[in-house]
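Trainee: Take the sequence shown: its letters are residues -9 to 56, numbered as in this note's numbering.
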Amino acid sequence: MLHPTFFRRGLLSLALLLAYTAGMASEPPGDLAASDTSVSDEDRQHWSYQPVRRPAVPAVRKKSWV
């Protein structure tokens, strides 16, 4: 059986989560939509925007190990 403080902490966490989400819902949505989400040419140079490529298989130096 679980300890009673476990339930109190769980209920407190749930209450905090609900209070946080209720506060976020009351914010005007215009502030979030106003952010610039365009990707510039400089941004596209970042490694995460590069196409995925299979790396070359390295040469085996000590074939006795394979």
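Where a beta carbon is used, it is the ideal one built from N, C-alpha and C, also for glycine.
#1: At the level of alpha carbons, what is the spacing between R43 and A5?
#2: Reducing DSSP to helix, strand and coil, say where A49 ends up.
#3: How is S30 classed by DSSP in three states: helix, strand or coil?
Mentor: Put simply:
#1: 47 Å
#2: coil
#3: coil
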